[in-house]
Amino acid sequence: MLPNLGYIFMKKYTKVFVVGAGMFGSVVAERIANDSGIPVTVLDKRAHIGGNCWSEICPVTGIEYHKYGSHIFHTSDAVVYEYISKFMSLNSYRHTVYTTYQGRVYSMPINLDTINTYYGVNLGPEEARKFIAGEIDRDTIADPQNLEDKAVSLIGRPLYEAFIKGYTQKQWECPPRELPAYIITRLPVRYSYNNRYFSDTYEGVPVEGYAHFFHSLLKNYRISLCLNTNFSLSDEIEDDTLIVFTGPIDEYFSHRLGRLEWRTLDFEYDILDTQDYQGTAVMNYADVETKYTRVHEFKHYHPERPPVPSTLICREYSRYAGAGDTPYYPINTEKNQALYKAYRELAAAQQGVVFGGRLGSYKYLDMDDAVKAALVCYDQEIKPRLAKR
Ligand code: UDP
Numbered sequence: 112m113l114p115n116l117g118y119i120f121m122k123k124y125t126k127v128f129v130v131g132a133g134m135f136g137s138v139v140a141e142r143i144a145n146d147s148g149i150p151v152t153v154l155d156k157r158a159h160i161g162g163n164c165w166s167e168i169c170p171v172t173g174i175e176y177h178k179y180g181s182h183i184f185h186t187s188d189a190v191v192y193e194y195i196s197k198f199m200s201l202n203s204y205r206h207t208v209y210t211t212y213q214g215r216v217y218s219m220p221i222n223l224d225t226i227n228t229y230y231g232v233n234l235g236p237e238e239a240r241k242f243i244a245g246e247i248d249r250d251t252i253a254d255p256q257n258l259e260d261k262a263v264s265l266i267g268r269p270l271y272e273a274f275i276k277g278y279t280q281k282q283w284e285c286p287p288r289e290l291p292a293y294i295i296t297r298l299p300v301r302y303s304y305n306n307r308y309f310s311d312t313y314e315g316v317p318v319e320g321y322a323h324f325f326h327s328l329l330k331n332y333r334i335s336l337c338l339n340t341n342f343s344l345s346d347e348i349e350d351d352t353l354i355v356f357t358g359p360i361d362e363y364f365s366h367r368l369g370r371l372e373w374r375t376l377d378f379e380y381d382i383l384d385t386q387d388y389q390g391t392a393v394m395n396y397a398d399v400e401t402k403y404t405r406v407h408e409f410k411h412y413h414p415e416r417p418p419v420p421s422t423l424i425c426r427e428y429s430r431y432a433g434a435g436d437t438p439y440y441p442i443n444t445e446k447n448q449a450l451y452k453a454y455r456e457l458a459a460a461q462q463g464v465v466f467g468g469r470l471g472s473y474k475y476l477d478m479d480d481a482v483k484a485a486l487v488c489y490d491q492e493i494k495p496r497l498a499k500r
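Read left to right, the sequence shown gives residues 112 to 500 (our numbering).
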């Protein structure tokens, strides 16, 4: 595939390219322009910057919605927080999630309220700890190696069957016994009434929205932005050219070793003539019979904004990503990990190209992980290379 004219034009003037204007690419571009003082061209095949973190204002309701599902910024890393604070302020939103199981609503992640409501008891923290230890002991799992065993060894089988099994099957379309244990360790289990989804020091949603945050990151006369632009190499990379590639690593090599597998998401939107549909930003649905995994109601992310009379909701469905679908979650099977390793070897031999980001590293990165990885990549790999030019 030949690059489009915008790309050919830019190539004449810039020697540093960032492919992908998502979190990783935007942070790297900001550093190259502001810290190294070097012109950089950022290409993205989409019509907007920000990758999957992008948000827009719904023209009908005036509500800002996260186009690729809910994104809440959270971190305990002071360096990351200090960095992003130069470009945005976080509001006071604290993420809480509820889950509907067999027609009843429970608190997530599993905490004292979930345990007491599910079992119809009224236990204090220590009593609940002992009670759940008893539930866990009913199964003998010495060394949990998969998601099911890990979950059962953390919360016991009844809570696993109610809140994890069905949701996980819908999310991954495969039995939880075939999934890696680490997926479930993203969720804490608490023996208190603390129902915050995240346990990080800093949390919130950009006061002025994600679009404003990404525009601030990329606001520099040294940064040229080419949207709606596919990247492909028409010839050898010249010695003084540097490419930071944040797209799928297998795509860079034209899938020559095979395709890395991803899960994608479909979103079904509805504008409802009501002030508040579900009373919270995210409601999970634990039963397999409900086809969607969760419902987002975006207005709850900005309690500081003036109220609007209607609401915008979106049902989220998970499925296997075909060619052309937006990749969201890497499917971390042994086969995919081996394929990724083989692509890394090709990447290591590729002169003048640095690979990074969620798609480039085939890793599910939270936003703060992506910022951190970009800052480290800039300091350790990009900056020294640019200094040598
Ligand atoms: N999960 C679950 N029930 C829930 C929420 C999460 O079983 O109500 C499991 C599921 O396997 C999911 C994993 O926990 O893939 C991680 O959930 P998280 O909310 O961190 O996923 P994300 O919001 O990143 O999609």
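A virtual CB, placed ideally from N, CA and C, is assigned to each residue, including glycine.
### Task
For my contact list, His382 and Val406 are in at a C-beta cut-off of 8 angstroms; report their separation, rounded to the angstrom.
Reading off the sequence shown, one finds Ile at residue 382, where the question assumed His. So it is not a contact: roughly 14 angstroms between Cβ atoms.
### Task
Just tell me which of Arg288, His185, Glu445 and Ala273 has its CA closest to the CA of Val399.
Ala273
### Query
Hey, would you say Glu408 sits closer than 9 angstroms to Tyr388, going by beta carbons?
yes
### Query
From what residue to what residue does the beta strand (DSSP E) around Arg333 run?
Element bounds for Arg333: n/a, residue is neither H nor E.
### Query
Rounded C-beta distance between Gly526 and Gly133? I'm assuming under 8 angstroms.
Any property of residue 526 remains undetermined from this structure, which presents the chain solely from 112 to 500.
### Query
So is Ile334 buried or exposed if we call it buried at 16+ other beta carbons inside 10 Å?
buried
### Task
Have a look at Val316 and Tyr304 and give me their C-alpha separation to the nearest angstrom.
23 angstroms
#### Entry: heavy atom of the ligand UDP below 8 angstroms from Phe409 C-beta
Phe409 Cβ: outside cutoff for every heavy atom of the ligand UDP.
### Message
For Phe128, count the other beta carbons within 10 Å of its own beta carbon; 16 or more makes it buried, fewer makes it exposed. Which is it?
### Response
Buried, because 16 or more other Cβ atoms sit within 10 Å of the Cβ of Phe128.
### Task
Could you say if the region 164-181 and the region 142-149 meet the contact criterion of at least three C-beta pairs nearer than 8 angstroms?
no
#### Entry: Terminal residues of the alpha helix (DSSP H) in which Gly136 lies
Met134 to Arg142
### Query
Are Asp384 and His185 touching if we call contact CB-CB under 9 angstroms?
no
### Query
Short check: CB of Ala397 to CB of Thr210, under 9 angstroms?
yes
### Query
Leaving out five residues before and five after Arg500 in sequence, what residues of the same chain have Cβ atoms less than 7 angstroms from its Cβ?
Asp351
### Query
Quick one: does the C-beta of Ile226 sit closer than 8 angstroms to a heavy atom of the ligand UDP?
no
### Close Cβ partners of Pro359 (< 7 angstroms) along its chain, the five nearest in sequence each way excluded
Leu371, Pro438 and Leu470
### Message
Within the continuous alpha helix (DSSP H) that includes Tyr278, where are the two ends?
### Response
Per DSSP, Tyr278 belongs to the alpha helix (DSSP H) from Gly277 to Trp283.
### Query
In the region 202-277, which residue ranges form an unbroken beta strand (DSSP E) of at least 3 residues, counting only runs that do not cross its ends?
208-212 and 215-219
### Message
Cutting at 6 angstroms between CB atoms, please list the residues of its own chain near Tyr489, excluding the five before and the five after it.
### Response
Val139 and Arg142
### Query
So is the beta-carbon of Phe274 under 8 angstroms away from any non-hydrogen atom of the ligand UDP?
Correct: Phe274 has its Cβ closer than 8 angstroms to the ligand UDP.
### Query
Exposed or buried, which one is Tyr293 when buried takes at least 16 other CB atoms within 10 Å?
exposed
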